[in-house]
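Contents: one structure, followed by commentary.
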Amino acid sequence: MTDYPFETGVYRPPSEGGSASLLVRFTRNCPWNHCAFCTMYKTEKFELRSLDDIKSDIDAMAALGRDIETASRRLGHGGRITRDAVMALLEKAPGLNSHYGADMFIQWLAVGGKTAFIQDGNSLIMNPKDLIEALTYLKTTFPTIQRITTYARARTVAQRAIEHLKAIRNAGLDRVHLGLETGDDDLLKKIKKGVDSQGHIQGGQKAMAAGFQVSEYWMPGLGGQEMWQAHADNTARVLNQVNPHYIRSRPFRPIPGTPMAEWVNNGTLTLLSPKEQLLELKRMITGLDVTSKVCFDHMGNHWRTTAGDLVFTHDYEGYQFPEEKNKVLERIEMGLDFKGHPPLSFLHM
Ligand code: SF4
């Protein structure tokens, strides 16, 4: 058996990356797995994990934390996570060198152990009672945790009773990351999102009503030249009705092996040029009437101004709307003035 056996999944949002969040795997992979642009869990089967397995993972992490602390005290480091304390433990438990999650856990402890992200693709699919018990166990085991977030599908949130959602919120789940992608019904159907715009609105509004911080992701360029106007207008329409805390831009990129990459290859989907992407963004942003933070916290938001700087900050907190809406629109105009955008072939590699 591995030393400190616990599982760590591959995916988490960038805002939970680096050493920021403890990754705790409550389920494996995605229960939907049909989206035409997505490769995340495609070769893997969805599995619920038992409460016993989840608790056992949390216990293994706690044991690792305790043993580092003990090693640190023996070295006279007062329990702090120091390099020497970690090296001393590695001598006793060399299996940690090849443990997929050990580095993540140690980094997280070293920066204070404040936030956690529940993996994988749709934690709300769990039986609410089990999810509440797992969250409670996590918070009790690691009392330093101040914020817990997860991915969820709007359709699943919409199906949950509001009292269950509130109980999950009260058990410590603070934020849900929802993949809207687009608010356009034709495009949602085409990309096989498995939910229509009304379902997105219901799921988003219910998550807000339950008291979660809601982070909605949309994909500029998803409709290509064929559907860009409806994509922009209906995405703004849905977001206006949800008015989430965060709106995050994840520009579409056809990933080889996905149906959407095939549509690009066979000419049924025409990619937007960088300038066209900015025109689509301008249309979507103009249509927004929200009090959200609008974020471009991903390297795919690549556009530059004539001065050579990025059009948008990649900061996780983005721009506060409506106060900074004009600023974002001004930045888009600065991007539209720029003549040296990289060619499409480079951007979509
Ligand atoms: S729901 Fe999310 S993880 Fe699942 S297939 Fe769609 S985009 Fe991928």
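Each residue of the sequence shown is one higher than the one before, starting from 563 at the first, in the working numbering. Ideal Cβ placement from N, Cα and C applies to all residues, glycine included.
- With distances taken between CA atoms, THR712 lies nearest to SER583 out of ALA647, LYS889, ARG866 and SER583.
- In this structure, VAL586 places its C-beta atom within 9 Å of the C-beta atom of PHE679.
- For GLN708, the secondary structure class from DSSP, reduced to helix, strand or coil, is coil.
- Under a 10 Å Cβ-count criterion, ASP619 is classified as buried, with 16 or more other Cβ atoms of the shown protein chains found around its own Cβ.
- For the set VAL776, ILE616, ARG717 and GLU778, the Cα lying nearest the Cα of THR698 is the one of ILE616.
- Counting other Cβ atoms within 10 Å of its Cβ, LYS691 stays below 16 and is therefore classed as exposed.
- The stretch 876-888 makes no contact with the stretch 593-605: fewer than 3 CB pairs, one atom from each, lie closer than 8 Å.
- In the DSSP assignment, ALA678 falls within the unbroken beta strand (DSSP E) covering 677-681.
- For TYR808, the uninterrupted beta strand (DSSP E) run begins and ends at 808-811, by DSSP.
- Spatial neighbours of ARG574 in its own chain (CB-CB distance under 8 Å, excluding positions within 5 residues in sequence) are listed in chain order as SER583, LEU585, PHE679 and GLN681.
- The alpha-carbon separation between THR644 and GLN708 amounts to approximately 23 Å.
- In this structure the stretch 797-810 does not lie against the stretch 829-837, because fewer than three pairs of beta carbons, one per stretch, are closer than 8 Å.
- Counting only runs of 4 or more residues that sit fully inside the stretch 792-845, the alpha helix (DSSP H) segments are 821-827, in chain order.
- Ligand 1 never approaches ARG642 closely enough for any of its heavy atoms to be under 8 Å from the residue's Cβ.
- Within its own chain, the residues whose Cβ lies closer than 7 Å to the Cβ of VAL648, once the five positions on either side in sequence are excluded, are ILE630 and ILE668, listed in chain order.
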